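Engineer:
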Amino acid sequence: MGLPALEFSDCYLDSPQFRERLKSHELELEKTNKFIKELIKDGKALIQALKNLSAAKRKFAQSLNEYKFQCIGDAETDDEMCIAKSLQEFAAVLKNMEDERSRMVENASEVLITPLEKFRKEQIGAAKEAKKKYDKETEKYCGTLEKHLSLSSKKKETQLLEADTQVDQVRQHFYEVSLEYVFKVQEVQERKMFEFVEPLLAFLQGLFTYYHHGYDLAKDFSHFKTNLTISIQNTRDRFESTRAEVESLMKKMKESPHEHKSVRPQTMEGYLFMLEKRSFVSTWVKYYCTYHREPKRVSMVLYDQKTGGRVGEEDSFILKCCTRRKTESIEKRFCFDLEAADRPGVITMQALSEDDRKLWMEAMDGLEPVYNSNKDNQSDSMPQLDHTGFSVIKKFIHAVETRGIDEQGLYRIVGVNSRVQKLLSLAMDPKTCADVELDTPEWEIKTITSSLKHYLRMLPAPLMTYQFQRNFIKAAKLDNPESRILEIQSMVHHLPEKNRQMLELLMKHLANVALHHEHNLMTVANLGVVFGPTLLRPQEETVAAIMDLKFQNIVVEILIENHDRIFSEPPVQGPGQLQANTARRKSSESKAPSCSERPLTFFHTSQPPEKMVRKSSAQDVPNDSSVTQPPEHSNSIRGRIQSNSLESGNQHPEGVTVEKIRRPNSLLTHKDCPSIPTSPRLQKARALYACKAEHQSELSFTAGAIFEDVHPSREPGWLEGTFDGRTGLIPENYVEFF
1 MGLPALEFSD
11 CYLDSPQFRE
21 RLKSHELELE
31 KTNKFIKELI
41 KDGKALIQAL
51 KNLSAAKRKF
61 AQSLNEYKFQ
71 CIGDAETDDE
81 MCIAKSLQEF
91 AAVLKNMEDE
101 RSRMVENASE
111 VLITPLEKFR
121 KEQIGAAKEA
131 KKKYDKETEK
141 YCGTLEKHLS
151 LSSKKKETQL
161 LEADTQVDQV
171 RQHFYEVSLE
181 YVFKVQEVQE
191 RKMFEFVEPL
201 LAFLQGLFTY
211 YHHGYDLAKD
221 FSHFKTNLTI
231 SIQNTRDRFE
241 STRAEVESLM
251 KKMKESPHEH
261 KSVRPQTMEG
271 YLFMLEKRSF
281 VSTWVKYYCT
291 YHREPKRVSM
301 VLYDQKTGGR
311 VGEEDSFILK
321 CCTRRKTESI
331 EKRFCFDLEA
341 ADRPGVITMQ
351 ALSEDDRKLW
361 MEAMDGLEPV
371 YNSNKDNQSD
381 SMPQLDHTGF
391 SVIKKFIHAV
401 ETRGIDEQGL
411 YRIVGVNSRV
421 QKLLSLAMDP
431 KTCADVELDT
441 PEWEIKTITS
451 SLKHYLRMLP
461 APLMTYQFQR
471 NFIKAAKLDN
481 PESRILEIQS
491 MVHHLPEKNR
501 QMLELLMKHL
511 ANVALHHEHN
521 LMTVANLGVV
531 FGPTLLRPQE
541 ETVAAIMDLK
551 FQNIVVEILI
561 ENHDRIFSEP
571 PVQGPGQLQA
581 NTARRKSSES
591 KAPSCSERPL
601 TFFHTSQPPE
611 KMVRKSSAQD
621 VPNDSSVTQP
631 PEHSNSIRGR
641 IQSNSLESGN
651 QHPEGVTVEK
661 IRRPNSLLTH
671 KDCPSIPTSP
681 RLQKARALYA
691 CKAEHQSELS
701 FTAGAIFEDV
711 HPSREPGWLE
721 GTFDGRTGLI
731 PENYVEFF
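Going left to right, the sequence shown walks through residues 1 to 738 as UniProt numbering numbers them.
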């Protein structure tokens with residue numbers, strides 16, 4: 001289980017649970033800081049002490065092997081898992097070089113020591129300074145608040161107002177410092193995933209250059225290095241977008257904290273002071289209280305914000321009634337009385353402010369009037385999934401596909417807001433919709449695409465609904481790629497009919513856009529980034545929701561890549577699904593190639609589309625009925641060539657085809673395998689896309705890699721060639737011959 005996400009809204013609540021979550025982040029940062037110090041020390045010893053090089057490398061490798069990354073959230077992406085195991089891979093490489101001795105590269109200090117020192121001083125050091133400031137403001141705020149609450153209500157009104165103003169200023173400053181500290185802590189936790197690993201990768205690359213043994217070892221390490229480089233870049237790209245979203249949320253919280261400090265419908269929680277009567281004296285004791293409306297249970301725990309630790313065990317009782325305490329009946333302000341159903345007597349509580357008391361009274365159905373912070377009513381003209389909405393979206397899609405399908409940055413470049421609003425108002429108005437002509441230069445393509453996205457964002461609920469939003473995210477977090485597709489397919493067929501129809505219309509269009517990505521530069525991954533937050537926007541904007549943006553993008557990628565299968569076929573359920581899974585385990589006929597990085601371009605072949613369709617259908621596995629069962633899709637969401645839509649040739653431009661191939665199966669005999677078409681023996685080929693091997697018989701490579709001695713393999717759809725001194729299998733549709 002990874003580190004818990006720190007919500008900005010919890011900064012205002014400042015609950016014990018929030019403090020404990022924050023403490024876990026602080027411990028992780030301290031652990032990282034100590035680890036970096038040790039790593040730097042070992043690195044310097046490795047560079048300066050050639051005689052002790054072997055011992056230093058063993059210690060260095062041991063440090064790497066023992067450290068484990070902790071990610072924010074309850075699941076990791078494939079890239080994060082690749083990065084998380086990278087330190088163990090580095091340790092294995094260093095252990096293999098223990099007996100080798102030679103001088104260190106001259107720039108080892110620059111590529112290893114300097115970046116780690118910079119990260120520790122600038123990032124972790126900044127987080128420590130923020131912690132000191134946060135602890136200081138916590139103590140100041142708690143002291144000021146206790147002093148303020150001790151003021152007698154008999155003081156002059158001007159004195160009370162002045163004291164209230166002073167407390168509000170201290171409280172606001174404490175909240176701002178708390179927000180900034182939480183933001184910095186989570187930023188450092190995310191940043192270390194790439195700024196930490198990259199210097200180590202560069203250091204190892206230097207070793208391979210100057211050591212003969214390292215050169216030999218680098219050949220074996222290069223495959224993982226390729227995958228790690230791609231994973232680091234992907235993680236860095238996601239970090240930039242996620243950081244911008246989190247920073248934007250923090251600024252919103254600073255500007256309007258009351259709008260984001262919402263009271264949950266079923267619970268109310270916060271700090272209260274309880275009047276405790278002891279022998280000949282009465283004292284006010286501070287508790288963190290939680291009220292659950294459904295069982296009407298009040299829970300209290302004695303917690304010291306200054307020390308950050310519990311003082312006693314949790315106490316609870318069932319609420320009978322709540323009554324506001326009259327000002328003249330007690331010298332304290334903001335008081336109300338509680339009566340418990342399971343204990344005698346009256347419990348007097350003091351809230352932190354008048355607004356806070358009103359919230360508690362409202363939650364407990366007290367005598368105070370209800371103060372609901374209702375949000376602005378939705379406009380009556382909000383887009384709906386009705387006949388007009390479908391007509392508008394179809395008109396937008398037709399205009400994009402006929403006028404601007406090859407325009408660079410399609411859907412990524414935004415239009416002028418005033419033009420977008422004008423187009424939507426005209427298109428959505430029944431009186432003017434017929435007069436809107438989108439095939440004229442009056443409307444730019446970026447205006448049309450922005451209008452389509454704005455329409456989807458302005459729906460009362462996201463197209464994939466709040467109800468199923470978490471289910472789609474959970475599906476994207478599954479380990480098995482095929483299980484992801486099946487689960488998402490099932491969820492799609494549970495959507496309301498109009499939502500499903502609109503989603504199908506949109507996914508077919510986006511698949512068509514992706515087919516032209518050589519010109520418009522919008523790959524499936526790019527389209528997922530654009531449409532993921534729109535189609536799967538969360539009901540509440542939180543840090544945890546922002547951390548799930550990467551999984552929202554993955555869901556959209558799966559929908560685009562597998563739209564024919566997901567929308568055309570009914571979801572597999574019950575015993576049928578188990579039978580299908582068993583069949584997939586027993587046969588490799590439906591196994592997709594093992595290249596897990598998304599190709600940047602599609603493979604252009606002179607093979608006619610009709611021939612491609614016949615070849616694909618010949619590889620399908622028939623079932624017991626007369627209907628041919630479509631091939632299984634086991635392609636990873638981390639990158640597979642789109643092959644679903646190839647079954648209908650009229651949907652693709654002529655000459656742009658992607659052939660689905662199968663994983664080699666060494667158990668198949670020649671008579672079991674389809675015949676391999678004869679082709680001339682070509683000596684050299686170039687990789688069009690990056691590929692990650694999933695079997696020792698396959699090759700991993702980056703785009704642009706050159707293969708020697710390339711010739712057809714016995715396995716259908718696979719070639720055999722030599723790359724970087726190693727011979728193995730290559731997917732046929734990932735290369736082009738010289």
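Backbone N, C-alpha and C define an ideal beta-carbon position, used for all residues, glycine too.
Just so it is clear, the structure is predicted and the values come from calculations on it, not from any experiment.
(1) When the Cα atoms are used, what is the spatial distance from E117 to F738?
(2) Tell me whether V414 sits in a helix, a strand or coil according to DSSP, three-state version.
(3) Looking at C-alpha atoms only, which residue of L160, E195, K136 is the closest neighbour of A173?
(4) If V543 and L160 are in contact, beta carbons under 8 Å, what's the gap, nearest whole angstrom?
(5) Which residues in the same chain as R457 place their Cβ atom closer than 6 Å to its Cβ, once the five residues preceding and following it in sequence are excluded?
(6) Quick check: the segment 478–486 against the segment 420–436, are there 3 or more CB pairs under 8 Å?
(7) Could you pull out every residue in the same chain whose Cβ sits closer than 7 Å to the Cβ of I232, ignoring the five residues on either side in sequence?
(8) Looking at L39 and S63, is the spacing between their C-beta atoms short of 7 Å?
(9) Please work out which residues of its chain come closer than 6 Å, Cβ to Cβ, to L87, disregarding the five sequence neighbours upstream and downstream, and give them in chain order.
(10) Counting only the same chain and skipping the five closest in sequence on each side, list residues whose C-beta sits under 7 Å from that of V188.
(11) How should T235 be labelled, buried or exposed, when 16 other C-beta atoms within 10 angstroms of its C-beta is the threshold for buried?
(12) Between which two residues does the alpha helix (DSSP H) harbouring F18 extend?
(13) Can you tell me which of V414, Y411, V436 puts its alpha carbon nearest to the alpha carbon of L423?
(14) Are A202 and V111 touching if we call contact CB-CB under 7 Å?
(15) Take every Cβ of the segment 296–314, pair it with every Cβ of the segment 327–335, and state whether three or more of those distances are shorter than 8 Å.
(16) According to DSSP, what are the bridge partners of K286?
(17) For the putative contact between E720 and L729, defined by C-beta atoms under 8 Å, what is the C-beta separation to the nearest angstrom?
(18) Let's test the definition: count the other Cβ atoms within 10 Å of the Cβ of L27 and tell me whether it reaches 16, buried, or not, exposed.
(19) Which value, in whole angstroms, describes the spacing of the CA atoms of C142 and M364?
(20) Specify, as a first and last residue, the run of the beta strand (DSSP E) that K684 falls within.
(21) Mark E442 as exposed unless 16 or more other C-beta atoms lie within 10 angstroms of its C-beta, in which case mark it buried.
(22) Is it right to say Y215 is buried, meaning 16 or more other beta carbons lie within 10 angstroms of its own, or is it exposed?
(23) Between S282 and the rest of its own chain, which residues show a CB-CB distance below 8 Å, the 5 nearest in sequence each way excluded?
(24) Out of T465, S153, T722, which has the shortest C-alpha to C-alpha gap to M502?
(25) Just list the beta strand (DSSP E) runs in the segment 295–356, keeping only unbroken ones of 3 residues or longer that don't cross its boundaries, in chain order.
(26) Is the beta carbon of A511 closer than 7 Å to that of H563?
(27) Taking its Cβ as the centre, do 16 or more other Cβ atoms sit within 10 Å of K156, making it buried, or is it exposed?
(28) Does the structure place the segment 699–714 close enough to the segment 220–230 that three or more beta carbon pairs sit under 8 Å?
(29) So what does DSSP say about C691, is it helix, strand or coil?
(30) If the criterion is Cβ atoms closer than 7 Å, does the pair F317 and A351 meet it?
(31) Helix or strand or just coil, what does DSSP make of H292?
(32) Kindly indicate the opening and closing residues of the alpha helix (DSSP H) around V524.
(33) How do the segment 550–560 and the segment 465–479 stand: do at least 3 beta-carbon pairs fall below 8 Å, yes or no?
(34) According to DSSP, what are the bridge partners of F701?
(35) Whose C-alpha, out of K192, V185, A218, D220, is nearest the C-alpha of V246?
(36) Can you tell me where the beta strand (DSSP E) with D709 in it begins and where it stops?
Structural biologist: Answer, in terms of the structure:
(1) Counting from one through the sequence shown, the residue named residue 117 turns up at place 117. Counting from one through the sequence shown, the residue named residue 738 turns up at place 738. When rounded, the distance between both Cα atoms is 47 Å.
(2) One-based indexing of the sequence shown puts residue 414 at position 414. The answer is coil: DSSP assigns V414 none of H, G, I, E or B.
(3) Numbered from 1 along the sequence shown, position 173 holds the residue referred to as residue 173. The identity of residue 173 in the sequence shown is His, whereas the question assumes Ala. Out of L160, E195, K136, K136 has the C-alpha closest to the C-alpha of H173.
(4) Translated into positions along the sequence shown, residue 543 becomes position 543. Translated into positions along the sequence shown, residue 160 becomes position 160. Actually they are not in contact, since the Cβ atoms of V543 and L160 sit about 37 Å apart, beyond 8 Å.
(5) Working through the sequence shown from its first residue, we reach residue 457 at position 457. Taken in chain order, the residues that qualify are T534.
(6) Output reads no: the segment 420–436 does not touch the segment 478–486.
(7) Taking the first residue of the sequence shown as position 1, residue 232 is located at position 232. Counting only Cβ-Cβ distances below 7 Å, and skipping sequence neighbours, we find I83, F194, V197, E198.
(8) Numbered from its first residue, the sequence shown carries residue 63 at position 63. Numbered from its first residue, the sequence shown carries residue 39 at position 39. The beta carbons of S63 and L39 sit closer together than 7 Å.
(9) Counting from one through the sequence shown, the residue named residue 87 turns up at place 87. L64, Y67.
(10) Here residue 188 refers to the residue found at position 188 of the sequence shown. In the same chain as V188, and ignoring 5 residues on each side of it, the C-beta atoms closer than 7 Å to its own belong to L29, Q123, I124, A127, in chain order.
(11) Position 235 of the sequence shown, counting from 1, holds the residue named residue 235. A residue is called buried when at least 16 other Cβ atoms come within 10 angstroms of its Cβ; T235 meets this threshold and is buried.
(12) In the sequence shown, counting from the first residue as 1, residue 18 sits at position 18. 16–48 is the extent of the alpha helix (DSSP H) around F18.
(13) The residue given as residue 423 occupies position 423 in the sequence shown. Measuring from the Cα of L423, the nearest candidate turns out to be V436.
(14) Looking up residue 202 in the sequence shown gives position 202. Looking up residue 111 in the sequence shown gives position 111. Going by C-beta atoms, A202 is nearer than 7 Å to V111.
(15) Judged by Cβ distances under 8 Å, the segment 296–314 makes no contact with the segment 327–335, as fewer than three pairs qualify.
(16) As a first step, residue 286 is located in the sequence shown; it is residue number 286 there, counting from the start. Looking at the DSSP assignment, K286 forms a beta bridge with F273.
(17) Translated into the one-based positions of the sequence shown, residue 720 becomes position 720. Translated into the one-based positions of the sequence shown, residue 729 becomes position 729. Yes, they are in contact, since the Cβ atoms of E720 and L729 sit about 6 Å apart, within 8 Å.
(18) Residue numbering aside, residue 27 sits at position 27 when the sequence shown is read from its first letter. Per the 10 Å Cβ criterion, exposed.
(19) Looking up residue 142 in the sequence shown gives position 142. Looking up residue 364 in the sequence shown gives position 364. The straight-line gap from Cα to Cα measures roughly 26 Å.
(20) Walking along the sequence shown from the start, residue 684 turns up at place 684. Bounds of the beta strand (DSSP E) holding K684 are 684–687.
(21) Numbered from its first residue, the sequence shown carries residue 442 at position 442. Classification for E442: exposed.
(22) Within the sequence shown, residue 215 is the residue found at index 215, counting from 1. Counting other Cβ atoms within 10 Å of its Cβ, Y215 stays below 16 and is therefore classed as exposed.
(23) Counted from its first residue, the sequence shown places residue 282 at position 282. Annotation for S282: L275, E276 place their beta carbon closer than 8 Å to its own, counting only its chain and skipping 5 residues before and after.
(24) Residue mapping note: residue 502 aligns to position 502 of the sequence shown, counting from 1. For the residues T465, S153, T722, the minimum Cα distance to M502 belongs to T465.
(25) If we require 3 residues or more, the beta strand (DSSP E) runs fully inside the segment 295–356 come out as 297–304, 315–324, 335–340, 346–350.
(26) Start at 1 with the first residue of the sequence shown, and residue 563 comes out as number 563. Start at 1 with the first residue of the sequence shown, and residue 511 comes out as number 511. It is a contact, given that the beta carbons lie within the stated cut-off.
(27) Looking up residue 156 in the sequence shown gives position 156. By the 16-neighbour rule on beta-carbons within 10 angstroms, K156 is exposed.
(28) Touching, yes, given that three or more Cβ pairs across the two stretches are closer than 8 Å.
(29) Here residue 691 refers to the residue found at position 691 when the sequence shown is read from its first residue. DSSP places C691 in strand when its eight states are reduced to three.
(30) Within the sequence shown, the letter at position 317 stands for residue 317. Within the sequence shown, the letter at position 351 stands for residue 351. No.
(31) To locate residue 292, count along the sequence shown from 1; it is residue 292. Correct three-state label for H292: strand.
(32) Numbered from 1 along the sequence shown, position 524 holds the residue referred to as residue 524. Where V524 is concerned, the enclosing alpha helix (DSSP H) starts and stops at 524–535.
(33) The segment 550–560 is in contact with the segment 465–479.
(34) Taking the first residue of the sequence shown as position 1, residue 701 is located at position 701. Per DSSP, C691.
(35) To locate residue 246, count along the sequence shown from 1; it is residue 246. Checking every option, the nearest Cα to that of V246 belongs to V185.
(36) Sequence index remark: in the sequence shown, residue 709 carries index 709 (1-based). Segment 706–712, the beta strand (DSSP E) holding D709.
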